[in-house]
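Residue numbers (UniProt numbering): 1 to 346.
Here it is in structure tokens:
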């Protein structure tokens, strides 16, 4: 596989040229971006998959939901619906996609919408009777047809965009110069005790622009696992034989956190929708044991025959340091944008 990627390097150069020309045309306004008169925060990455967008979006929801009419807008990857969908009591993972449905089940006071056309999605949200005053765009860093007011760029520790190259040889969707559009860059999946020396080394490698801010976060696992009817302490099941199940990108840390010597692990592709055959395989593998899975997988399996033995482990994004500074920057952007909007609309 690695050798094949090396052979495809000329195509990486071509792809990089195409994306650079596209970005140049947007930067010079030969291609137009739509701007909307409300705070819009876009969260995304330069690479494909596995940087921790979902916990970062959830962090922003917790930060901003109080005092704001908040909406999230996602593509709804691998959903079975089309066009714009606003989540309601009939929503499920097939209609919304797993990550938006997870937002919908966890955060009852917000609007959750999906649309591959982000501009249309925003306009549909703003046409609602109870329209939002802040929108979070999930995985929308490359969607240049919409001009967000604020960009949060994620890059995973150990897989920094500065060390990567363009698809198909590497995993970058656009060249490293795309990082210059970010207001904040977050290095995710760090060790909680990452040293200041290591943070400074990464900062130098990323070559931030003068007005950009850099933060470091780690995945903070819950101390409990949850089912439809039960909450169990992780420590109490750590040494109990169980089946660990993950259909996410880069699940190694999930398995490491929970696994004991006698446990079995099942891995499925990221955003995998489980067929009846898959469910039968899982059931036979589990043999009546507890099945511990990720929250994203749980919302795809919660209504199946596996439910009585199915548990999920929540995660959240936590800051190594300077959390208050991050919060202040985001809240100041939202507050300033809202004040400007009030002046503009009078």
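Each residue gets a CB set at the ideal place from its N, CA and C atoms; glycine is no exception.
Given the structure is predicted, the values throughout are model-derived calculations rather than measurements.
| Query | Result |
| --- | --- |
| Could you name the residues that DSSP lists as bridge partners for residue 221? | 315 |
| State yes or no: is the C-beta of residue 243 within less than 7 Å of the C-beta of residue 289? | yes |
| Excluding the 5 residues flanking residue 20 on each side, which residues of the same chain have their C-beta closer than 8 Å to its C-beta? | 174, 175, 177 |
| Just tell me which of 255, 35, 17 has its CA closest to the CA of residue 123. | 35 |
| Could you name the residues of the same chain whose beta carbon sits closer than 8 Å to that of residue 12, not counting the 5 residues immediately before and after it, in chain order? | 165, 166, 167, 168, 169, 170 |
| Counting beta carbon pairs with one atom in the stretch 188-202 and one in the stretch 152-160, are three or more of them shorter than 8 Å? | yes |
| Let me check one thing: in DSSP terms, what residues is residue 111 bridge-paired to? | 71 |
| Pair every Cβ in the stretch 56-74 with every Cβ in the stretch 126-141, then say whether three or more of these pairs are closer than 8 Å. | yes |
| Does the distance from the C-beta atom of residue 238 to that of residue 260 stay below 7 Å? | yes |
| Which value, in whole angstroms, describes the spacing of the CA atoms of residue 395 and residue 267? | The structure shown does not extend to residue 395, since the chain spans only 1 to 346, so no value can be given for it. |
| If you check the beta carbons only, do residue 153 and residue 185 fall under 7 Å apart? | yes |
| Three-state secondary structure (DSSP) at residue 18? | helix |
| Give me the Cα-Cα distance between residue 92 and residue 27, rounded to the nearest whole angstrom. | 38 Å |
| For residue 316, which residues in the same chain have their Cβ closer than 6 Å to its Cβ, ignoring the five residues on either side in sequence? | 55, 220 |
| Please say whether residue 113 and residue 86 have beta carbons closer to each other than 7 Å? | yes |
| Excluding the 5 residues flanking residue 76 on each side, which residues of the same chain have their C-beta closer than 6 Å to its C-beta? | 96, 97, 100, 114 |
| Have a look at residue 52 and residue 16 and give me their C-alpha separation to the nearest angstrom. | 24 Å |
| Restricting to Cα atoms, I'd like to know which of 199, 141, 218 is closest to residue 180. | 141 |
| Leaving aside the five residues before and after residue 345 along the sequence, list all residues of the same chain whose C-beta is less than 8 Å from its C-beta, in chain order. | Residue placement at residue 345 cannot be trusted, given a pLDDT of 44 that sits under 50; the coordinates are not used to answer. |
| Report all residues from its chain with a CB closer than 7 Å to the CB of residue 74; omit the five preceding and five following residues, and keep chain order. | 97, 99, 100, 114, 138, 139 |
| Could you have a look at residue 299 and say whether DSSP puts it in helix, strand or coil? | helix |
| Do you know how far the Cα of residue 116 is from the Cα of residue 14? | 25 Å |
| Between residue 278 and residue 210, what straight-line distance do the alpha-carbon atoms span, to the nearest angstrom? | 50 Å |
| Taking the alpha-carbon of residue 240 as reference, which of 286, 276, 218, 7 has the nearest alpha-carbon? | 286 |
| From 216, 251, 130, 29, pick the residue whose C-alpha is nearest to that of residue 146; which is it? | 29 |
| Please go through the same chain and pick out, in chain order, the residues whose beta-carbon is closer than 6 Å to the beta-carbon of residue 80, but skip the five residues on each side of it. | 94 |
| Within the same chain, show all residues whose beta-carbon is closer than 8 Å to that of residue 109, passing over the 5 residues directly before and after it, in chain order. | 65, 70 |
| Rounded to a whole number of angstroms, what is the C-alpha to C-alpha distance between residue 273 and residue 303? | 13 Å |
| Would DSSP call residue 178 helix, strand or coil? | helix |
| Please go through the same chain and pick out, in chain order, the residues whose beta-carbon is closer than 6 Å to the beta-carbon of residue 245, but skip the five residues on each side of it. | 266, 291, 293 |
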